[in-house]
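Be aware that the sequence shown starts at 984, since it is given in this note's numbering, and climbs by one per residue.
Each residue gets a CB set at the ideal place from its N, CA and C atoms; glycine is no exception.
This one's a predicted model, so the numbers in the text were calculated from it and none came from an experiment.
Here's the structure we're looking at; comments come further down.
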Amino acid sequence: MNQKFLDFMRAYKGHRLAVAVSGGVDSVCLLCWLAEIKADVVCLHVNHGLRKNADIETQYVRDLCKSIGVPCKIFYWTGEKPSSGLEAAARDARYKFMTDFCQENGIEVLLTAHQADDQIETFLMNLGRGSGLYGLAAMRRVTYRDGIKIVRPLLDVSRAELKSYCDKKSIQYFVDEMNDDPHYTRVRIRKNRYLLSEKLGISDSRILLAVQNLGRVRDALDEQISEMVAKVVDNSRAVFSDSFLFDQAPDIRLKLLGTLIQKIGGDEYQPRLTSLSNALDKLQRDCKFTLGHCTLRRLNQKILIVPEGAKTSFRTRHGKSKFEKSKKEI
């Protein structure tokens, strides 16, 4: 068993945990390691009904849990499936099942089996897209979704190590046929990533080190942005001077606007970078438009962000905006 995994999991000793298990090698190995360290964990498996072996995989996960003494909850994604964006819809449904279960059962932590190779592939995919700091910092070890803490304890563990463990222990797992489909960018990266090491001397460990360094910068920026957001958001609305936004460095300006829109609009994700850039261009002058389930308005030197459909007055029912009360601070 990997020592970094053991060290990481010490922080969750005594916690009630849930673990997402698909039946693939990563999540099966994570489940077995959790059972081996006697974690207080329940296995959550979602049958999307999308693959011909879905029922076989579901039964295997159920049987495996029984054999290692881990409680198991199976969910079935039934009903009509979307004709486009199926993968994203399946992911959203999967997380909805699992976070609802955690909330209903007093479980605050959901573990997922994203591992080091996933992290490297995410970095390279985002590099290919020309992503900024947040994309290149790749996956966070800890995030939150629907009030549940999502934890990824395997980000320092390679896929090869997980596979080796299962093979040596004769633990069965399933291989998704999409993992070999070259139509997917991630698959092409996976199959050709060795060239970075063999031809350019860029090892996996160096990429992971770069991701970790970028992650630290991201976390510091997040802390700064959170403090700024707290100054101007009041009762699901934000009012601030144009200088509060435009006096910031470009990267901070984009992240600040995205965070404000996400917080006020209530979306799971921030608007895309191009949408935020366009919004900043519009906010250079008087305007009114919608983005991320928010309405944004600029009038003279003041900017307002409210939930879409809300009144776009700069004044509150008490007669003064937070901007007017605290503009010296801002």
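Between Val1025 and Val1053, the CB-CB gap stays under 9 Å.
Where Phe1157 is concerned, there is no enclosing alpha helix (DSSP H), because DSSP gives it neither an H nor an E. Counting the other Cβ atoms within 10 Å of the Cβ of Gly1068 gives fewer than 16, which makes it exposed. Residue pairing by DSSP places Val1125 opposite Val1134 in a beta bridge.
Apart from sequence neighbours up to five positions away, the residues of its chain that approach Arg1169 with a beta-carbon distance below 7 Å are Glu1104 and Met1108, ordered along the chain.
Within the stretch 1203-1264, the complete alpha helix (DSSP H) runs of at least 4 residues fall at 1225-1229 and 1233-1248. Contact between Val1002 and Leu1138 fails: their C-beta atoms lie close to 15 Å from each other, not under 8 Å. In the structure shown, Lys1056 falls within a strand segment according to DSSP collapsed to helix, strand and coil. A straight line joining the alpha-carbon of Val1134 with that of Val1125 spans about 5 Å. In this chain, the alpha helix (DSSP H) harbouring Ile1051 covers Ala1037 to Ile1051.
In this structure, Ile1020 is the residue among His998, Ala1293, Ser1141 and Ile1020 with its C-alpha nearest to the C-alpha of Leu989. The beta carbon of Gly1184 lies closer than 6 Å to none in the same chain, with the five residues before and after it left out.
For Pro1290, the pairing in a beta bridge is given by DSSP as Cys1277.
Leu1274 and Ser1260 do not touch by the CB rule: their CB atoms are close to 11 Å apart, not below 8 Å. Nearest to Asp1101 by C-alpha distance, out of Phe1080, Pro1136, Pro1233 and Gln1267, is Pro1136. With contacts defined as CB atoms closer than 9 Å, Lys1246 and Val1212 qualify as a contacting pair. Collapsing the DSSP output to three states places Ala1120 in coil. About 5 Å separates the beta carbon of Leu1027 from that of Lys1056, a gap short enough to meet the 8 Å contact definition. The bridge partners DSSP lists for His1028 are Ile1057.
The straight-line gap separating the alpha-carbon atoms of Tyr1177 and Ile1190 is approximately 12 Å. Look at Phe991 here: in three-state DSSP terms it is helix.
Taking the C-beta atoms as reference points, Cys1149 is found no nearer than 9 Å to Cys1277.
Take the alpha-carbon of Asp1038 and the one of Ala1099: they are about 29 Å apart. Pairing Leu1110 with Lys1049, the inter-Cα distance amounts to about 42 Å. With fewer than 16 other beta carbons inside 10 angstroms of its own, Leu1282 counts as exposed. With a beta-carbon spacing of about 5 Å, Arg1220 and Val1289 fall inside the 8 Å limit used to define contacts.
At least 9 Å separates the beta-carbon of Gly1032 from that of Val1158. Straight-line measurement puts the Cα of Glu1210 at about 48 Å from the Cα of Gln1042. Of Asp1234, Arg1142, Ser1147 and Ile1051, the smallest CA-CA separation from Arg1201 is found for Asp1234.
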